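Since the structure comes first, as structure tokens, the remarks are kept for the end.
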Amino acid sequence: MSGTENEPESDVNESSNFSLHNVSQSLDNDFDSLKKIDKQKIDILLKPTGNAPIMKRRKWAVDAEKPLGWIVEFVKKYLKLEPHERVFLYVNQTFAPSPDQIVKNLYDCYNTDGKLILHYCKTQAWG
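Under the numbering used here, the first residue of the sequence shown is numbered 6, with each subsequent residue one higher.
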């Protein structure tokens, strides 16, 4: 009888260990998914202001960890501006964030309908 009593206990222990292993793997997978979400792209809507040329494509998906200065350089390159020409970006037509601001931080504070709206121009317009 004692052999029979030990068998169910070992089955329970083995299945408990198996379940804990599965839970551990599941948590690892969830953690990996969260890391991927943090590195997602953010929708940016670029609108011209003042004397700025109009971009054919206005909506862009940008890596959340990019600094705003990267977007400035992207706009300059897309519009084929001369090296001496400047581009100013404004959030919601109100203020010009510093070029080292991270896109995700601006999005978290100022997104509208799931997009970060940035106005661009070649001369200072607001602020």
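Every residue, glycine too, gets a C-beta built ideally from N, C-alpha and C.
Computed from a predicted model, the values in this text were never measured in an experiment.
Helix, strand or coil at residue i [DSSP, three-state]
i, result
"L86", "coil"
"V67", "strand"
"V92", "coil"
"I47", "strand"
"K40", "Residue placement at K40 is poorly supported in this model, since its pLDDT is 49, which falls under 50; the coordinates still yield a value, given next. Helix, per DSSP."
"K120", "strand"
"K61", "coil"
"K109", "helix"
"K127", "coil"
Member of the options whose CA lies at the smallest distance from the CA of residue i
i, options, result
"Q129", "V96, V108, L121 and Y112", "V96"
"L84", "W65, A57 and E70", "A57"
"S103", "E90, D118, P72 and C114", "P72"
"I107", "F100, E87 and W75", "W75"
"F100", "R62, E70 and Y125", "Y125"
"E90", "K127, D113 and K52", "K127"
"K64", "Y115, F93 and V80", "V80"
"D105", "E70, G55 and I49", "E70"
Residue burial classification, residue i (beta-carbon count within 10 angstroms, cutoff 16)
i, result
"K40", "Confidence at K40 is low in this model, with a pLDDT of 49, below 50, so the placement of that residue should be treated as unreliable; the coordinate-derived value is given next. Exposed: under 16 other Cβ atoms inside 10 Å."
"I59", "exposed"
Contact belief for residue i with residue j at Cβ below 8 angstroms, rounded distance in angstroms
i, j, result
"K46", "D68", "6 angstroms"
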